[in-house]
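One structure is given here, and the rest of the page talks about it.
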Amino acid sequence: MVIYKQNPTRLLVYRGFATVKGTIKLVEVGPRDGLQNEKTIIPTDTKIALVNKLTSAGLSHIEVSSFVNPKWVPQLADASQVFQHIQRNPNTKYSALVPNTKGMLQAIKARPDEVAIFAAASETFSKRNINCSIGESLKRFDKVLELAKHHQIPVRGYISCVLGCPYEKSISPDAVARLTSQLWDHGCYEISLGDTIGVGTPESMDRLLSVLLDRVGVCPREALAVHCHETGGKALENISVALDRYGVRVVDSAVGGLGGCPYAGPGAPGNVSTEAVLTHLTNKGYTFSAPINTVEIFNVSAFVNCVVMTESTEFNVATMFKFRNFLSSSRDDHEPLDEVLVEMDNRIMRK
1 MVIYKQNPTR
11 LLVYRGFATV
21 KGTIKLVEVG
31 PRDGLQNEKT
41 IIPTDTKIAL
51 VNKLTSAGLS
61 HIEVSSFVNP
71 KWVPQLADAS
81 QVFQHIQRNP
91 NTKYSALVPN
101 TKGMLQAIKA
111 RPDEVAIFAA
121 ASETFSKRNI
131 NCSIGESLKR
141 FDKVLELAKH
151 HQIPVRGYIS
161 CVLGCPYEKS
171 ISPDAVARLT
181 SQLWDHGCYE
191 ISLGDTIGVG
201 TPESMDRLLS
211 VLLDRVGVCP
221 REALAVHCHE
231 TGGKALENIS
241 VALDRYGVRV
251 VDSAVGGLGG
261 CPYAGPGAPG
271 NVSTEAVLTH
281 LTNKGYTFSA
291 PINTVEIFNV
301 SAFVNCVVMT
311 ESTEFNVATM
321 FKFRNFLSSS
331 RDDHEPLDEV
341 LVEMDNRIMR
351 K
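Note that full-length UniProt numbering has the sequence shown beginning at 1, numbered continuously upward.
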């Protein structure tokens, strides 16, 4: 039996863990990670509507916004207003990204169900992205974790560049393992492994997870999530490796494929879309920790594609065909499906 180091700052009630075999927890990151790099400022009311639509679709975990300096991320300057006006469902957990103590204090007032902190597996990326080393970034979060413990707010950790870096290129799985262990020891209840530039392959995902999960004491399997980008076209395959071979049960995604990778070329896909993940995993026989309305997810994606008309939005024809076929096979379960299928056909034709 592996005994993992416990930190008094970590909340030991793992809310939202998908503990049933074959059951997947989806973490929707579209409203935060998806929108943060959009150059055109999205109206606050539209962001609120997006979160409400995602809630209505049945998603159990939604990352709403980030309490960062508006000078650096002007798109999310309205985080407090968005949190104040969303229609909360007791079955949905609403989270916020916080970069430091100031952001955490602002987040506490907004009453998120959990917060997230972030670090990078690449020293160069860390210094260029947040102007400090990996070690210094972890020290910055000591007070955040202390405040989170005091206010009974669980903390999730993000690790960027786990499968590649725009500056250092390859990243050692050992470096990711060390940082994962450090975030776990610091008190994060869940650690999301991010393929920031979308260069991951099934082989590199396999190498990474074999190091993380075969090494004693890094963190429990249940504490890992995968956050894949579609830039290299391997996101769904990489997710399958994590789930099928290593038993990971938490997947990040963004409705409509919101969120481009700033280090890829113009128009390159970014976050893997929620609808693609939902379709892919359902077809593989997985179920989800909360009942998700597939028709509503498509409707939210259509809403996103209407209000965020950028080249970075990933919603390609292949994905639409797969999702259309999945919806078509479910027509007996959903009365409004014919209308949705007609709209999908129209969109495929326009593509």
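Beta carbons are placed, not taken as given, at the ideal position from N, Cα and C, and that holds for glycine.
Look up Gly157 in the DSSP assignment and give the residues it is bridged to.
-> For the purposes of this step, residue 157 is identified with residue 157 of the sequence shown, where counting begins at 1. Per DSSP, Ile117 and Ile191.
Taking only runs of the beta strand (DSSP E) that begin and end inside the stretch 32 to 66, which ones reach a length of at least 3 residues, in chain order?
-> 61 to 66
Find the nearest neighbour of Ser137 within the set Asp113, Asn100 and Pro166, judged by alpha-carbon distance.
-> For the purposes of this step, residue 137 is taken as residue 137 along the sequence shown, with counting starting at 1. The shortest C-alpha separation from Ser137 is found at Asn100.
Given a cut-off of 8 angstroms, decide if Phe83 and Ser65 are closer than it, judged by their beta-carbon atoms.
-> Taking the sequence shown and counting its residues from 1, one reaches residue 65 at position 65. Taking the sequence shown and counting its residues from 1, one reaches residue 83 at position 83. For Ser65 and Phe83, yes; Cβs fall inside 8 angstroms.
In chain order, which beta strand (DSSP E) runs of at least 3 residues are fully inside the stretch 62 to 100?
-> 93 to 97
Count the other CB atoms, across all protein chains shown, that sit within 10 Å of the CB of Lys71; report buried if there are 16 or more and exposed otherwise.
-> Residue mapping note: residue 71 aligns to position 71 of the sequence shown, counting from 1. Looking at its Cβ environment, which holds fewer than 16 other Cβ atoms inside 10 Å, Lys71 is exposed.
Burial state of Ser210 (16 or more Cβ within 10 Å) | Locating residue 210 in the sequence shown gives position 210, counting from the first residue. Exposed.
For Ile108, which residues from the same chain have a beta carbon less than 6 angstroms from its beta carbon, with the 5 sequence-adjacent residues on both sides left out?
-> In the sequence shown, the residue the question calls residue 108 occupies position 108. Around Ile108: His151.
Excluding the five sequence neighbours on either side, which residues of its own chain have a C-beta within less than 6 angstroms of the C-beta of Trp184, listed in chain order?
-> Walking along the sequence shown from the start, residue 184 turns up at place 184. So the qualifying residues of the chain are Cys219.
Candidates Val241, Asn89 and Cys228, of which the one nearest Asp252 by Cα = Translated into positions along the sequence shown, residue 252 becomes position 252. Closest option to Asp252, Cα to Cα, is Cys228.
Check the DSSP bridge columns for Val250 and list the partner residues they point to.
-> Here the question's residue 250 lines up with position 250 in the sequence shown. In DSSP, Val250 forms a bridge with Lys25.
Status (buried if at least 16 other CB within 10 Å, exposed otherwise) for Gln182 | In the sequence shown, counting from the first residue as 1, residue 182 sits at position 182. Gln182 comes out buried.
Bounding residues of the beta strand (DSSP E) (the contiguous stretch that carries Ala242) | Walking along the sequence shown from the start, residue 242 turns up at place 242. Per DSSP, Ala242 belongs to no beta strand (DSSP E) and is neither H nor E.
Quick one: what does DSSP say Thr287 is sitting in, helix, strand or coil?
-> By 1-based counting over the sequence shown, the position of residue 287 is 287. Note: Thr287 maps to strand in three-state DSSP.
Touching or not, the stretch 291 to 298 and the stretch 241 to 251, by the rule of three or more beta carbon pairs under 8 angstroms?
-> no
Can you give me the start and stop residues for the beta strand (DSSP E) that Leu224 sits inside?
-> Within the sequence shown, numbered from 1, the residue matching residue 224 stands at position 224. Leu224 -> beta strand (DSSP E) spans Leu224 to His227.
Where Ser312 falls: helix, strand or coil (DSSP) = Walking along the sequence shown from the start, residue 312 turns up at place 312. For Ser312, the predicted model reports a pLDDT of 38, less than 50, meaning its position is unreliable and no value from the coordinates is stated.
Out of curiosity, what's the CA-to-CA distance linking Phe303 and Val255?
-> Mapped onto the sequence shown, residue 303 falls at position 303. Mapped onto the sequence shown, residue 255 falls at position 255. Looking at the two C-alpha atoms, the distance is approximately 10 angstroms.
Within this structure, are the beta carbons of Leu35 and Gln75 separated by less than 8 angstroms?
-> Here residue 35 refers to the residue found at position 35 of the sequence shown. Here residue 75 refers to the residue found at position 75 of the sequence shown. Going by C-beta atoms, Leu35 is nearer than 8 angstroms to Gln75.
Would you identify the three-state DSSP class for Phe132, choosing helix, strand or coil?
-> Position 132 of the sequence shown, counted from the first residue, corresponds to residue 132. The amino acid at residue 132 is misidentified as Phe; the sequence shows Cys. In this structure, Cys132 counts as coil in the three-state DSSP scheme.
Any idea if Thr279 is buried or exposed, counting beta-carbon neighbours within 10 angstroms, 16 or more meaning buried?
-> Working through the sequence shown from its first residue, we reach residue 279 at position 279. Under this definition Thr279 is a buried residue.
Below 8 angstroms on the Cβ atoms is my guess for Leu59 versus Glu38; work out the distance and round it to an integer in Å.
-> In the sequence shown, counting from the first residue as 1, residue 59 sits at position 59. In the sequence shown, counting from the first residue as 1, residue 38 sits at position 38. That pair is no contact at about 20 angstroms.
Does the stretch 166 to 182 come within contact of the stretch 226 to 245, defined as at least 3 CB pairs closer than 8 angstroms?
-> no
Helix, strand or coil for Ser172, going by three-state DSSP, please let me know.
-> Along the sequence shown, one-based indexing puts residue 172 at 172. Looking at Ser172 - three-state DSSP - the assignment turns out to be coil, as it is neither helix nor strand.
Note down the Cα distance separating Ser301 from Glu275, rounded to an integer number of angstroms.
-> The residue given as residue 301 occupies position 301 in the sequence shown. The residue given as residue 275 occupies position 275 in the sequence shown. Distance between the alpha carbons of Ser301 and Glu275: 8 angstroms.
Nearest to Ser124 by alpha carbon, out of Arg245, Gly164, Ile62 and Val144?
-> On the sequence shown, position 124 is the one that residue 124 refers to. Note that residue 124 corresponds to Thr in the displayed sequence, not to Ser. Nearest C-alpha to Thr124: Gly164.
Would you decide whether Glu63 is buried or exposed? Buried here means 16 or more other CB atoms lie within 10 Å of its CB.
-> Counting from one through the sequence shown, the residue named residue 63 turns up at place 63. When all chains shown are included, Glu63 counts as buried.
How should Arg111 be labelled, buried or exposed, when 16 other C-beta atoms within 10 angstroms of its C-beta is the threshold for buried?
-> If you number the sequence shown from 1, residue 111 lands on position 111. Classification for Arg111: exposed.
Taking the alpha helix (DSSP H) that Thr201 falls in, what are its first and last residues?
-> Start at 1 with the first residue of the sequence shown, and residue 201 comes out as number 201. It is not in any alpha helix (DSSP H) - Thr201 carries neither H nor E in the DSSP assignment.
Is it right to say Tyr167 is buried, meaning 16 or more other beta carbons lie within 10 angstroms of its own, or is it exposed?
-> Taking the sequence shown and counting its residues from 1, one reaches residue 167 at position 167. Classification for Tyr167: exposed.
Exposed or buried, Ser204, counting other C-beta atoms within 10 Å across all chains shown (16 or more means buried)?
-> Position 204 of the sequence shown, counted from the start, is the residue given in the question as residue 204. Ser204 should be labelled buried.
Could you tell me whether the Cβ atoms of Val73 and Ile117 are closer together than 8 angstroms?
-> Within the sequence shown, residue 73 is the residue found at index 73, counting from 1. Within the sequence shown, residue 117 is the residue found at index 117, counting from 1. No, the Cβ-Cβ distance between Val73 and Ile117 is not below 8 angstroms.
If Leu193 and Val162 are in contact, beta carbons under 8 angstroms, what's the gap, nearest whole angstrom?
-> Along the sequence shown, read from residue 1 onward, the residue named residue 193 stands at position 193. Along the sequence shown, read from residue 1 onward, the residue named residue 162 stands at position 162. At roughly 5 angstroms, the Cβ-Cβ gap stays under 8 angstroms, so Leu193 and Val162 are in contact.
Look up Cys165 in the DSSP assignment and give the residues it is bridged to.
-> Here the question's residue 165 lines up with position 165 in the sequence shown. According to DSSP, Cys165 bridges with Lys169.
Nearest CA to the CA of Lys169: which residue from Val199, Arg207 and Asn271?
-> Translated into positions along the sequence shown, residue 169 becomes position 169. Per the Cα distances, Val199.
Leaving out the 5 sequence neighbours to the left and right, which residues in its chain are closer than 7 angstroms to Thr310 when beta-carbon positions are compared?
-> Locating residue 310 in the sequence shown gives position 310, counting from the first residue. Reliability of the predicted coordinates at Thr310 is poor, the pLDDT of 46 falling under 50, and no value is obtained from them.
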